[in-house]
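Written out as C-alpha cells, the structure reads:
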C-alpha cells in the first residue's frame, strides 16, 4: 500500500515539476517577440532615432538580434542629428562587428536626417540607403560653451574659483575663455575630428583630398551623398528592406521583427512628461563633445 502511494506521489511530483518548468519558459518568453513553433527567417528592424546620448540599451538589442537564429538580416532606420561622440563611436563599432563577425547582412536606411554622429554610426553597415531628400554628412565636431559672465555682472554676482592647475576650470560659463583655453579645446576637437574623418575615409574608400572637401561640416542631400560616395544608393525604407531580403536570401515578403516595447517605470514616465514640458530640465552644466548637426 505504501509503495502505491509512493508511486503516485512521484508521478504527481514529476507532473508538478513539468508544469512549473513550462510556466517558467512561458514567462521567460513573454518579454520577446518570438512565437511558438515559428522558425521562419525574418528581417530585424532596429531604429536609431533622436539625439544620440547613450548607446548601451541600443547595442544590447543589436546583440540579441545578431544572436537570434531566426534573424536573417538587420535593417537600421536612422533618423538622428547625431549626438555625443563616445556613444556614436560605440554604435558604429557594434554595427561594424555584426557586419564583420557574423553572416548576417546589416543595412541602414536614412530617414529625414542621419547626420554627424548618425552618419558615423551608419558607415559601419554593409550598405547605406538614403532618401533623395535625406540630410546627411555634417562630418565634424562641436563643443558649445554657455557664457553667463555678462548677465552675472549686471546682477552683481561673481564666482570665486580655487583650482589646482591652469586648465581645471577651462570652459567655465562664469568667465570669458582665454586664448590658451581656446587652443586647448581646439586640439581636442581636432583629434576627435581626425578620428571621424579616418573612419569615413576607411569605410567609404574616399581619399584624403576628397575627405578634406567633404568633411568640412557640410550637410548633403541623399542624392548628393550618393554622388560623393557617402551612401550606396538612393532609396526608401521599403527599397532597402527588399534589397536586404535579397542579400539575406529570404522572400521579400518576409516578416519584420521589431524590438519589444520597453517596460517604463513610473519614474521614467514622470521624467519624460516633465522633460517634454521643460526642455533640458535634467541637463547638467557640463561640456559636451558632440558629433551633432548644429541645428
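Numbering (my numbering), first residue to last: 26 to 320. Where a beta carbon is used, it is the ideal one built from N, C-alpha and C, also for glycine.
Check for me: the beta strand (DSSP E) holding residue i runs from which residue to which?
i	result
residue 317	314-317
residue 105	96-105
residue 153	152-155
residue 234	Run containing residue 234: none in the beta strand (DSSP E); it sits in the alpha helix (DSSP H), 233-239.
residue 67	67-70
residue 280	Careful: residue 280 lies outside any beta strand (DSSP E) and carries neither H nor E.
Go through its chain and collect everything with a Cβ distance to residue i's Cβ below 6 Å, but skip five positions before and after it.
i	result
residue 188	194
residue 314	110, 168
residue 92	none
residue 84	119
residue 45	none
So the alpha helix (DSSP H) residue i belongs to, where does it begin and stop?
i	result
residue 223	204-229
residue 116	110-126
residue 90	81-92
residue 272	262-273
residue 143	142-147
residue 242	Taken as a continuous stretch (DSSP letters only), residue 242 belongs to no alpha helix (DSSP H), as it is neither H nor E.
Do residue i and residue j have their C-beta atoms within less than 8 Å of each other?
i	j	result
residue 240	residue 142	no
residue 225	residue 234	no
residue 131	residue 150	yes
residue 262	residue 255	no
residue 138	residue 105	yes
residue 135	residue 247	yes
residue 192	residue 206	yes
residue 103	residue 133	yes
Give me, in chain order, the residues of the same chain whose beta-carbon lies closer than 7 Å to that of residue i; leave out the 5 immediate sequence neighbours on both sides.
i	result
residue 55	Low local confidence applies: a pLDDT of 46 at residue 55 is under 50, so the model's placement there is unreliable, with the coordinate-based value given in what follows. Same-chain partners within the cutoff: there are none.
residue 71	86, 87, 90, 99, 101, 284
residue 276	270
residue 198	170, 171, 172, 173, 310
Beta-carbon within less than 8 Å of residue i's beta-carbon, same chain only, minus the 5 sequence neighbours each way: which residues are those?
i	result
residue 148	117, 224, 225, 228, 229
residue 221	145, 164, 165, 166, 240, 316
residue 67	95, 96, 97, 275, 279, 280, 281, 282
residue 65	95, 279, 280
residue 159	135, 136, 137, 138, 139, 246, 247, 250
residue 42	none
Is residue i close to the ligand ADP? I mean its beta-carbon at under 7 Å from any heavy atom of the ligand.
i	result
residue 214	Ligands in the displayed structure: none, and consequently the ligand ADP is not present.
Touching by the beta-carbon criterion (3+ pairs, under 8 Å), the segment 117-128 and the segment 209-223
No contact exists between the segment 117-128 and the segment 209-223.
Please determine if the segment 73-82 and the segment 96-110 are in contact, where contact requires at least 3 C-beta pairs separated by less than 8 Å.
The segment 96-110 and the segment 73-82 touch, with three or more beta-carbon pairs separated by less than 8 Å.
For the 8 Å Cβ check, are there 3 or more pairs between the segment 145-155 and the segment 247-257?
yes
Counting Cβ pairs, one atom from each stretch, are 3 or more of them under 8 Å apart for the segment 82-91 and the segment 261-280?
no
Please give me, in chain order, every unbroken run of the beta strand (DSSP E) with length at least 3 that falls completely inside the segment 159-195.
160-162
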